[in-house]
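Each remark here refers to the structure printed beneath this line.
Numbering (our numbering), first residue to last: 17 to 144.
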């Protein structure tokens, strides 16, 4: 089994905490110097992984990760996972964004997506 580690790529480095806990293969799309080759590899890995995990933290600066997870929740909910870590780090925390992400989480659940609120809980699911 393989999981694609998508989602927030700035701020808190949640992937660094998750990766050592995983007993399955994973693909981390974060690279130092992004290239067209990296983009093509990311597309391939996202399409071929058994699960696509979207981790969202207070470091979120744009909306594309949210658009991706909603799109996947409609097209392939059985392989889409949502990890809401927004409250994990109080820096940059706003009540409005917290409520908004909870609404996104509820929408995803309604589409059949598995949602998690801790690194340990998603690791336990993937390792189970």
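A virtual CB, placed ideally from N, CA and C, is assigned to each residue, including glycine.
For residue i, which three-state DSSP category applies?
i           : result
residue 29  : coil
residue 111 : helix
residue 77  : coil
residue 21  : strand
residue 120 : helix
residue 138 : helix
residue 49  : coil
residue 127 : coil
Does the beta carbon of residue i fall short of 7 angstroms from some heavy atom of the ligand COA?
i          : result
residue 91 : No copy of the ligand COA appears in this structure; indeed no ligand is present at all.
Specify, as a first and last residue, the run of the beta strand (DSSP E) that residue i falls within.
i           : result
residue 85  : Where residue 85 is concerned, there is no enclosing beta strand (DSSP E), although the alpha helix (DSSP H) it sits in stretches over 80-91.
residue 41  : 41-43
residue 130 : 130-132
So the alpha helix (DSSP H) residue i belongs to, where does it begin and stop?
i          : result
residue 59 : 52-64
residue 37 : Here residue 37 belongs to no alpha helix (DSSP H), and DSSP marks it neither H nor E.
residue 94 : Neither: residue 94 is in no alpha helix (DSSP H) and is coded neither H nor E.
Less than 6 angstroms between C-beta atoms, sequence neighbours within five positions excluded: which residues of the same chain meet that for residue i?
i           : result
residue 143 : 39
residue 64  : none
residue 89  : 96, 124, 127, 129
residue 26  : 75, 77
Since residue i sits in a beta bridge, which residues does DSSP pair it with?
i          : result
residue 71 : 23, 99
Under 8 angstroms Cβ to Cβ from residue i, same chain only, skipping five residues before and after it: list those, please.
i           : result
residue 139 : 34, 37, 38
> For the 8 angstroms Cβ check, are there 3 or more pairs between the segment 41-57 and the segment 17-30?
Replying inline: Result yes; three or more Cβ-Cβ pairs closer than 8 angstroms.
>> Three or more C-beta pairs under 8 angstroms: does that hold for the segment 54-63 against the segment 121-129?
In response: No, the segment 54-63 is not in contact with the segment 121-129.
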